[in-house]
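These protein sequences, in sequence, are chains A and B. First residue of the first sequence? That's 345 in the working numbering, and the numbers climb one at a time after it. First residue of the second sequence? That's 345 in the working numbering, and the numbers climb one at a time after it. A short worksheet on the structure shown next.
Protein chains: 2
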Amino acid sequence: MPGRYKSSSVTLKTIAQAAGLDVSTVSRVLSGSPDEVSRAASPATAAAVRDWAQRLGYQPNPHAKSLRTARSNLIGVLVPRLSDMVLATIYEGVEDAGARNGLATFVMNTYDRPAEQRARIDLALSRHVDGLILGDAHRDAVVLDEVAARGVPFVLVSRYASKYPSVTCDDYLGGRLVAEHFLDLGHVKVGVVAGEPFASTGVDRSSGFVDTYRKAGIEVLTVNSAFDARGGHEAAEYLIKQAPNLTAIFAVNDFAAIGVLGAVRDAGLRPGRDVAVAGYNDTQLAAELPLPLTSVRSPLHTMGTRALELLVSVLRGQNPSSERLAPELVIRESTLPLVRNS
Amino acid sequence: MPGRYKSSSVTLKTIAQAAGLDVSTVSRVLSGSPDEVSRAASPATAAAVRDWAQRLGYQPNPHAKSLRTARSNLIGVLVPRLSDMVLATIYEGVEDAGARNGLATFVMNTYDRPAEQRARIDLALSRHVDGLILGDAHRDAVVLDEVAARGVPFVLVSRYASKYPSVTCDDYLGGRLVAEHFLDLGHVKVGVVAGEPFASTGVDRSSGFVDTYRKAGIEVLTVNSAFDARGGHEAAEYLIKQAPNLTAIFAVNDFAAIGVLGAVRDAGLRPGRDVAVAGYNDTQLAAELPLPLTSVRSPLHTMGTRALELLVSVLRGQNPSSERLAPELVIRESTLPLVRNS
DNA sequence: TAACCATACCCAAACGTTTGGGACAATCGT
DNA sequence: ACGATTGTCCCAAACGTTTGGGTATGGTTA
């Protein structure tokens, strides 16, 4: 009685009886290949079957289908943290594309902890997923190697690692774009809030930046950080203490950048005037901050959809190559042209 | 071949053969009630079965189980938008509690559009969910009434509507807390950025605020808005144009509040000095903003976990009553004591 | 007209569980 | 010493699909 609702107790058998046919015929008509359906029933019967299915509101039972076919049409997605808007947006893309491809998806947090990653992967496998999308890959790829060894199909998104198929933003280029912008503005004493060292995103963004500056003959101060506001705040405090004459800071993440803005202000400096600040991802907030934030726009939603499509082709047995999507620099008031002050 | 990995081809039959028993016995031992297992096998055999299961790494096949029992242990969750950090955090709570209760959950966006809500609910039902958690309820409850009519078990979270079971924050109280704070500070010319009129959250927060002011004999300017930064920006622009002598604005959402901060600054006023600003939800960002934001903390994660637990009790056939969790005002620099300026 | 071939179907097994109802012993009460 | 009870287990059906075989029916072909 509790929770018993007759959502759809119309099965193949219901239709078969209504149409005076065998369930196998109905099955083939309803879900066979066009070739198979023509061998299974005459055009007229096929139409009749479809008509009954329509009228009765037939919904195939996914559990029966999965049991029989050993395919679940289910995809597990792992992210460091869903309340990170960046990952949530990527997942929105995954979910979208999944719905379009008839694949159900579900998402789990791993907090970038290998133990959680393993546990969540096991959980996903126990639900018999057809494949995984991992948004929490670490550069060392040890968990990934384990998964690969088990023969589980998967793709990476947002971060890459080893030579596993992935969909990422060209983070190195993104870092370079910011560096070139800073160089244009004449900043010579600059710092980078580089994010976590285990994530390819932070590493590539900062090394793209650092390399560009190095080519210009300028060394850059770098410090790792968490990817959130607090992390950015602490990292910027450190940078400013190390080099009080800093005129620009690149944070590899918008949230970190917001923390940087706070730290700059706390140090008695004017963000955007005394210290230019740039972020990454161009989240909704960047444009709406009291001090609009210069940021590198990365195609988050698209990364999600492409990742799912990449996984689909992996599931088809193909061997697709990784994709690297283009970033775009969006310049706002947090990086005003440098004026010689006082 | 493609995507064929032997995750766990060990079934009840495997164990039964290994132990020289019947699958039914193994089944009862492994997943029967303590009472049932004792009637099914001797303590010794039971131990042996468990031992084999352990050693062979038995994982029950969820599809077979669901097919047989007509229960999927699957919960569908609807939210307006997952990339809204507030909803993402609530969902994290749901997912957490789901994992603890052996329930799989999946989440979908509806963008607060009834057509999407209906479509996503149908999708969830086609996946044979045991129940739904709706984080996108509208006050008119028309979609909810439809779902209820179909006999689908569900609970609401974040927003309430009609008399359906829900887990919410006491938003009215939250609004009152902000109003009392503003009154303490001596603000008499104030405005509210009230959010969407179809969401109980925005409505209750603003009416808690407005009622409190009204009791003090003061009328408040109110304007609806989207729940994001842009929405807050536009709403605040409107408020400031209507009443240039405004000294405080309450936005029913942190993101909207950030937009308000921007609009205040654009109007040539100093946020926190000339115009106090308060938000709602106390997201990570509030504390880390360049101008730390006064905000009402709501227990988002807890709301999610409680919602799932509420649904569990609904599924058990109980008739649990709604829960309203307590908010807490967190005062920061965006609402400094009023100083008579100039 | 016999052999043949499509055409349009149906039969039955299988996927891995759960679950109501036995079956067969050993043990018990009297 | 006998029927009744209990303890321990097995049998078989069912959930809703898919899929590798059939098997009639009718029409061609030689």
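Virtual Cβ for every residue (Gly too), placed ideally from N, Cα, C.
Length of the line joining the Cα atoms of residue i and residue j
| i | j | result |
| --- | --- | --- |
| B:S678 | B:V567 | 20 angstroms |
| A:T545 | A:S502 | 7 angstroms |
| B:R425 | B:S382 | 48 angstroms |
| A:R520 | B:G576 | 34 angstroms |
| B:S470 | B:V547 | 33 angstroms |
| B:E672 | B:E524 | 13 angstroms |
| B:P387 | A:A463 | 31 angstroms |
| B:A651 | A:D626 | 33 angstroms |
| B:D366 | B:L356 | 9 angstroms |
| A:I675 | B:R676 | 30 angstroms |
| A:K559 | A:P588 | 24 angstroms |
| B:K350 | A:G495 | In this prediction, B:K350 has a pLDDT of 44, which is less than 50 and means its spatial position is unreliable; what the coordinates show is noted afterwards. In a straight line, the C-alpha of B:K350 is about 8 angstroms away from that of A:G495. |
| A:S353 | A:D395 | 17 angstroms |
| B:I602 | B:G535 | 15 angstroms |
| B:T389 | B:Q403 | 19 angstroms |
| B:K507 | A:G623 | 45 angstroms |
| B:R399 | B:L374 | 14 angstroms |
| A:L655 | A:I477 | 7 angstroms |
| B:A646 | A:P634 | Here residue 646 of chain B is Thr; the residue named in the question, Ala, does not match the sequence. Those two C-alpha atoms are separated by around 31 angstroms. |
Those residues which DSSP pairs with residue i across a bridge
| i | result |
| --- | --- |
| A:S657 | DSSP lists no partner for A:S657. |
| A:L517 | None; A:L517 has no bridge partner. |
| A:M452 | A:L422 |
| A:G364 | Partner(s): none; A:G364 has no beta bridge. |
| A:R641 | A:N625, A:E672 |
| A:S510 | A:L500 |
| A:E667 | A:V511 |
| A:T317 | Residue 317 of chain A is absent from the model: chain A starts at 345 and stops at 686. |
| A:P636 | A:P636 pairs with nothing; no bridge assigned. |
CB contact check: residue i to chain B, cutoff 8 angstroms
| i | result |
| --- | --- |
| A:E672 | no |
| A:I602 | yes |
| A:T646 | no |
| A:Q586 | no |
| A:S666 | no |
| A:P509 | no |
| A:T679 | no |
| A:Q361 | no |
| A:A432 | yes |
| A:N625 | no |
| A:Q461 | no |
| A:N453 | yes |
| A:E540 | no |
| A:G606 | yes |
Host alpha helix (DSSP H) of residue i (start-end)
| i | result |
| --- | --- |
| A:R773 | A question about residue 773 of chain A goes unanswered here, because the residues of chain A that appear run from 345 up to 686. |
| A:E490 | 486–493 |
| B:R372 | 367–375 |
| A:L400 | 387–400 |
| B:V596 | Careful: B:V596 lies outside any alpha helix (DSSP H) and carries neither H nor E. |
| A:L411 | 406–413 |
| B:I434 | 429–444 |
| B:V381 | 378–384 |
Residue range of the unbroken beta strand (DSSP E) whose run includes residue i
| i | result |
| --- | --- |
| B:F542 | Element bounds for B:F542: n/a, residue is neither H nor E. |
| B:A622 | 620–625 |
| B:I584 | Not the beta strand (DSSP E): B:I584 falls in the alpha helix (DSSP H), residues 573–586. |
| B:G475 | 475–478 |
is_contact[residue i, chain A] using C-beta, thresh 8 angstroms
| i | result |
| --- | --- |
| B:I562 | no |
| B:N568 | no |
| B:V439 | The residue asked about is misnamed: residue 439 of chain B is Glu in this sequence, not Val. At least one chain A Cβ lies under 8 angstroms of B:E439. |
| B:R609 | yes |
| B:F450 | yes |
| B:P424 | no |
| B:H525 | no |
| B:D572 | yes |
| B:D581 | In the sequence on display, residue 581 of chain B carries Glu and not Asp. Not one chain A Cβ lies under 8 angstroms of B:E581. |
| B:A505 | no |
| B:T638 | no |
| B:N663 | no |
| B:S470 | yes |
| B:L635 | yes |
| B:L629 | yes |
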